[in-house]
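These notes concern the structure reproduced below.
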Amino acid sequence: LYNFWKDAQHPRGLWRRTTLDSYKTDKPDWDVLLDIDALNEAEGVAWAFAGAARSPDKSRALVSLSFNGTDAIEVREFDIATKTFVADGFVIPKAKTQASWVDQDTLLLGSAQTPDDSTEAGYTRTVRRWSRGTPLSKAETVFEVEKQDVAAWFGVNRRPGHEGVMYWRALDFTRSHIFIERKHGPHAGQRLRLDLPEEVDLSAEAERLLISPKQDWTVGDLTIPTGALAVIDLDRFLSGARDFELVFTPSPTRALQSWSDTRHGILLEILDNVRGRLVLLQRSEAGWTETPLPGLPDNATIAAQSFGGEDDPELASEMLLTITGFNQPTSTALWNGHGAPEPLKSAPVNFDPAGIEVKQCHAVAEDGTRIPYFLIGKNLSAGGPPRPTVLYGYGGFEISMTPAYMAIAGKLWLEHGHVYAIANIRGGGEFGPAWHLASRKNTKHVAHDDFAAVARDLAASGITSARKLACHGGSNGGLLVGNMLTRYPRLFGAIWCSVPLLDMARYTKLLAGQSWIAEYGDPEIPDEWAYLQKFSPYHLAKASQDYPPILITTNRTDDRVHPGHARKMAARLQELGAPAWFNETVAGGHAGAVDNSKQAQSQALGYAFLRRTIGAG
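Take a look at the structure:
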């Protein structure tokens, strides 16, 4: 069992491992493989750990290192036994990179090292096969996409008997052409494009092909609904069969988030009215049966991953579950395919949960749609004067805002009797692909209007007031709260805007912005700029408007959303005489921080701003 651990003594963290038996004890015996702080001291570079992938025989690993949190990484081969980087081993210089082991001496990689290797969005355009002992420049190109595509992605399957590669030509952020190349079976050695919709999630690690289309797909006599899950034998599909079986159908409140194809069946991660559930699908003579896993908490987010079967998850006998809730520290549990999961570990309690409640409420959007939101705080039904409240949201890219432990907000905000709200607005994935599609491109404003509806509902409920209500969001959520400033300034007493996207006229020219056209639209196309300008905060800011105080934060090493968005917006607002504060840190990338102390400083700054604007001092 491998994990990455940060604490006060190891701010950049330790990559370490232990056995399952040891992990179950009160004091596991951790074997430290790589100390990032020691590496930084030795090399004089501010590295941050960005992941590791073990080789087929588990003796080596590809360790990814980010400079101060950038998306661009350097990849190095690491010897697990000697705990050292391999002399003359695989090294991929800093770039936006994907790399996977094919075998002990061969990698597949996509790395945006040069303009020719990169798409206009800055991601890798080619996939190359690199053999040990040869220079990277001689690696054979085995797959490539067009310059205007978003990226070329791939996935290596090393399951015994099912070895192969899948390739994605990502046309944009949502649409792809998908190809498969298998080592065994009737189509061995052929690269075949999968006859599937361009917008689809899928897995094909063993005998089964599982698909979940983003829009209704009629194939043969069957229509697979948006967000449903269907299965077919992979070899039969590649030979022309299309007799899919429908194994999961969403409902108005139940949405599929992901799945794992295990030896026990298909394990589904579901949101049921934005509450996490795990459901096991098993096939019998009567058809597919659905069994919820017992013993799991409500108002939680639950994720599952295979344990002990990295190259053959289908044969792994156990699944490792990660469970987290608003006032429940993140914990792990082990599930062996039968009965309730076995609790393993829980993270420390960071704040006093006494009296803190979690409620799910609903606002009504302009079109009558019910928009759920979570309310977290002490004695929520007690009445009394309006309380300082923070409303958080995102609303984009089908990303769901689900329960997660509020380690920092709990200490700095909830313990003081203040209230926190999280809005499940359209644009996210809380209710499946249709919830996302309702706020994309020319309907992007719907997410912003939903958020404003939640703000009004909070004030109408009496829990807070416009003067006592703040909002916070980052990245696409920064665009969201930027629109609260420019379109709905009277609903809020303060705004906290982190690593934001704010200039919708130039976003496609900055860093990864080209890859988001499917979400927002293309400002170079007049018809699309016509609606983009209506939710571009930089262009909506005007001198005649009174604005609430705003704190805009960014990071100099953010190589995803350019810090220029935040800089120019802060300058524009200050030029207009608006009460705008600006903070730019020098490290952290798009995540904003690479160690716990910097994360704490960033959050403390934001909550100090909120206390001074809507709180008590």
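All residue numbers for the sequence shown refer to this note's numbering, where the first residue is 2 and numbers rise by one. C-beta atoms are modelled at their ideal positions from N, C-alpha and C, and glycine is treated no differently.
**Report entry** Exposed unless 16 or more other CB atoms sit within 10 angstroms - verdict on residue 380
**Finding:** For this step, residue 380 is matched to residue 379 along the sequence shown. Residue 380 comes out exposed.
#### Entry: Completely contained beta strand (DSSP E) runs for the segment 44-88, where each covers 3 or more residues
Segments of the beta strand (DSSP E) lying fully in the segment 44-88: 48-55, 61-68 and 74-80.
Exercise. Write down every uninterrupted run of the beta strand (DSSP E) in the segment 248-284 whose length is 3 residues or greater and which is fully enclosed by it, in chain order.
Key: The beta strand (DSSP E) runs lying completely inside the segment 248-284 and spanning 3 residues or more are 255-263 and 266-273, given in chain order.
Okay, do the segment 59-71 and the segment 119-137 touch, 3+ Cβ pairs below 8 Å being the bar?
-> Touching, no, given that fewer than three Cβ pairs across the two stretches are closer than 8 Å.
Taking its Cβ as the centre, do 16 or more other Cβ atoms sit within 10 Å of residue 621, making it buried, or is it exposed?
Absent from the model: residue 621. The displayed extent of the chain is 2 to 618, so no value can be given.
How would you write the range of the alpha helix (DSSP H) that residue 409 sits in, first residue to last?
-> For the purposes of this step, residue 409 is taken as the residue at position 408 of the sequence shown. From DSSP, the alpha helix (DSSP H) with residue 409 extends over 408-413.
Excluding the five sequence neighbours on either side, which residues of its own chain have a C-beta within less than 6 Å of the C-beta of residue 114, listed in chain order?
By one-based count along the sequence shown, residue 114 stands at place 113. Closer than 6 Å at the Cβ level, and outside the excluded window around residue 114, lie 96.
Give a yes or no on whether the C-beta atoms belonging to residue 449 and residue 481 are separated by under 8 Å. Here residue 449 is taken as the residue at index 448 of the sequence shown, counted from 1. Here residue 481 is taken as the residue at index 480 of the sequence shown, counted from 1. Judged by beta-carbon spacing, residue 481 lies within the 8 Å limit of residue 449, meaning their Cβ atoms are closer than that value.
Worksheet item: Going by other Cβ atoms of all chains shown within 10 Å of its Cβ, with 16 needed for buried, is residue 13 buried or exposed?
Response: Position 12 of the sequence shown, counting from 1, holds the residue named residue 13. That one is buried.
| Pairing CB atoms from the segment 177-192 with CB atoms from the segment 211-225, are three or more of them under 8 Å? | The segment 177-192 vs the segment 211-225: no contact.
Span of the beta strand (DSSP E), counted from its first residue to its last, around residue 32: Your numbering for residue 32 matches position 31 in the sequence shown. It spans 32-36 - the beta strand (DSSP E) in which residue 32 sits, taken as one unbroken run.
Fill in: Buried or exposed (CB count within 10 angstroms, at least 16 for buried), residue 339
Within the sequence shown, residue 339 is the residue found at index 338, counting from 1. If you draw a 10 Å sphere on the C-beta of residue 339, you find fewer than 16 other C-beta atoms in it, and that means exposed.
Inspect the beta-carbon positions of residue 403 and residue 320 and report whether they are closer than 8 Å. Locating residue 403 in the sequence shown gives position 402, where the first residue counts as 1. Locating residue 320 in the sequence shown gives position 319, where the first residue counts as 1. In this structure, residue 320 does not lie closer than 8 Å to residue 403 by Cβ.
Check: DSSP on residue 476, reduced to helix/strand/coil?
Finding: Position 475 of the sequence shown, counted from the first residue, corresponds to residue 476. Correct three-state label for residue 476: coil.
query = What are the partner residues of residue 496, as DSSP defines its beta bridges?
reply = As a working note, residue 496 is residue 495 in the sequence shown. Answer is 472 and 551, bridged to residue 496.
So, at 8 Å on beta carbons, what are the nonlocal neighbours of residue 529 in its own chain, with the 5 sequence-adjacent residues on each side left out? Here residue 529 refers to the residue found at position 528 of the sequence shown. A distance below 8 Å between beta-carbons, with the five flanking residues on each side excluded, links residue 529 to the following residues of its chain, in chain order: 442, 443, 522 and 523.
| message | Closest to residue 333 by C-alpha separation, out of 193, 304, 384 and 137, would be which residue? | response | For the purposes of this step, residue 333 is taken as residue 332 along the sequence shown, with counting starting at 1. With respect to the C-alpha of residue 333, the residue from 193, 304, 384 and 137 having the closest C-alpha is 304.
How many angstroms separate the CA atom of residue 496 from the CA atom of residue 507?
-> Translated into positions along the sequence shown, residue 496 becomes position 495. Translated into positions along the sequence shown, residue 507 becomes position 506. Distance from the CA of residue 496 to the CA of residue 507, rounded to the nearest whole angstrom, comes to 23 Å.
According to DSSP, is residue 188 part of a helix, a strand, or is it coil? By one-based count along the sequence shown, residue 188 stands at place 187. Coil.
Note to self: I'd like to check one pair, residue 431 with residue 256: are the Cβ atoms closer than 8 Å?
What the structure shows: As a working mapping, residue 256 is identified with position 255 in the sequence shown. As a working mapping, residue 431 is identified with position 430 in the sequence shown. Closer than 8 Å, so yes.
query: Just checking my contact of residue 359 with residue 327 at CB under 8 Å: how many whole Å lie between their CB atoms?
result: The residue given as residue 359 occupies position 358 in the sequence shown. The residue given as residue 327 occupies position 326 in the sequence shown. Contact annotation, residue 359 with residue 327: C-beta distance approximately 5 Å; criterion of less than 8 Å satisfied.
**Report entry** Three-state class that DSSP yields for residue 570 in the structure shown
**Finding:** The count along the sequence shown starts at 1 and reaches residue 570 at position 569. Residue 570: helix per DSSP, three-state reduction.
Exercise for the section: For the beta strand (DSSP E) holding residue 600, just list the boundary residues, first then last. Expected result: Here residue 600 is taken as the residue at index 599 of the sequence shown, counted from 1. Per DSSP, residue 600 belongs to no beta strand (DSSP E); it is in the alpha helix (DSSP H), 597-614.
Three-way DSSP call (helix, strand, coil) for residue 462 in this model:
For this step, residue 462 is matched to residue 461 along the sequence shown. In this structure, residue 462 counts as helix in the three-state DSSP scheme.
| task | Could you please give the first and the last residue of the uninterrupted beta strand (DSSP E) stretch that includes residue 104? | result | Here residue 104 refers to the residue found at position 103 when the sequence shown is read from its first residue. Note, residue 104: beta strand (DSSP E), 98-104.
Sorted by chain position, which residues of the same chain lie with C-beta nearer than 7 Å to residue 437's C-beta, five sequence neighbours on each side aside?
Here residue 437 is taken as the residue at index 436 of the sequence shown, counted from 1. Correct list, in chain order: 399, 428, 429 and 430.
Q.
Quick check: what's the CA-CA separation for residue 509 versus residue 375?
A. If you number the sequence shown from 1, residue 509 lands on position 508. If you number the sequence shown from 1, residue 375 lands on position 374. Rounded to whole angstroms, residue 509 to residue 375 spans 33 Å at the Cα level.
Fill in: Close-in-space but distant-in-sequence residues of the same chain around residue 350 (CB under 8 Å, 5 per side omitted)
For this step, residue 350 is matched to residue 349 along the sequence shown. Excluding residues within five positions, the ones whose Cβ falls inside 8 Å are 330.
Less than 8 Å between the beta carbons of residue 273 and residue 364, yes or no? Within the sequence shown, the letter at position 272 stands for residue 273. Within the sequence shown, the letter at position 363 stands for residue 364. No, the pair does not count as a contact, with Cβ atoms beyond the cut-off.
Point to revise | Where residue 349 sits in the DSSP three-state scheme | key: By one-based count along the sequence shown, residue 349 stands at place 348. In this structure, residue 349 counts as coil in the three-state DSSP scheme.
Given 8 Å as the limit, is there contact between the segment 461-477 and the segment 388-395, that is, 3 or more CB pairs closer than that?
Flag = yes, the segment 461-477 and the segment 388-395 touch.
Take the Cβ of residue 549 as the centre, count every other Cβ of all protein chains shown within 10 Å, and call the residue buried at 16 or more, exposed below.
The count along the sequence shown starts at 1 and reaches residue 549 at position 548. The residue is buried, with at least 16 neighbouring Cβ atoms inside 10 Å.
field: Stretch pair the segment 564-573 + the segment 18-32: three plus CB contacts closer than 8 Å
entry: Contact between the segment 564-573 and the segment 18-32 is absent, because fewer than three Cβ pairs lie under 8 Å.
query: With 16 other CB atoms within 10 Å as the buried threshold, where does residue 6 fall?
result: As a position in the sequence shown, residue 6 is number 5, starting the count at 1. Per the 10 Å Cβ criterion, exposed.
Span of the alpha helix (DSSP H) around residue 24
Residue mapping note: residue 24 aligns to position 23 of the sequence shown, counting from 1. Counting along the chain, the alpha helix (DSSP H) containing residue 24 begins and ends at 21-24.
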